[in-house]
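**Q** Numbering (UniProt numbering), first residue to last: 1 to 81. Using N, Cα and C, we set each Cβ at its ideal position, and we do this for glycine too. Dropping a structure here in C-alpha cells format, bear with me for questions.
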C-alpha cells in the first residue's frame, strides 16, 4: 500500500493594527486567497502585534502574504516564510 507523503509548511508572521474579530476575518480572508495557502490561523493581540500562522503544502512567497495583509488594511511587521 502506498501512502502519499504530505508536506506541511507553517510560516508565522507578526501583523500590527488588528483589534477585533472583524480584523481577524479580513486578514484570514485575504491570505486564504493566496495560491497555495491551505489554512490561516490568527492569534489576536489587540493593541499589539498579532501572530498569523499560514499553513501550505509548499512555501508561499512572503511578498504574497505581505500584499494580502496590506489588502486587508494591515501591516506585516515581521515574518518567516
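By DSSP, does residue 6 sit in helix, in strand, or in coil?
**A** As a first step, residue 6 must be located in the chain shown, where it is residue number 6. Note: residue 6 maps to coil in three-state DSSP.
**Q** Going by C-alpha distance, which of 46, 11, 20 and 74 is nearest residue 36?
**A** Position 36 of the chain shown holds residue 36. Comparing Cα-Cα distances from residue 36 to each of 46, 11, 20 and 74, the minimum goes to 11.
**Q** On the criterion of 16 or more Cβ atoms from any shown chain inside 10 Å, does residue 15 qualify as buried, or is it exposed?
**A** To locate residue 15, count along the chain shown from 1; it is residue 15. Buried.
**Q** Do you know how far the Cα of residue 30 is from the Cα of residue 64?
**A** Counting from 1 along the chain shown, the entry for residue 64 is found at position 64. Counting from 1 along the chain shown, the entry for residue 30 is found at position 30. Distance between the alpha carbons of residue 64 and residue 30 is about 10 Å.
**Q** Under three-state DSSP, which class holds residue 1?
**A** The count along the chain shown starts at 1 and reaches residue 1 at position 1. The predicted position of residue 1 is uncertain, since its pLDDT is 46 and thus under 50; a value taken from the coordinates is nonetheless stated next. Coil at residue 1, not helix or strand.
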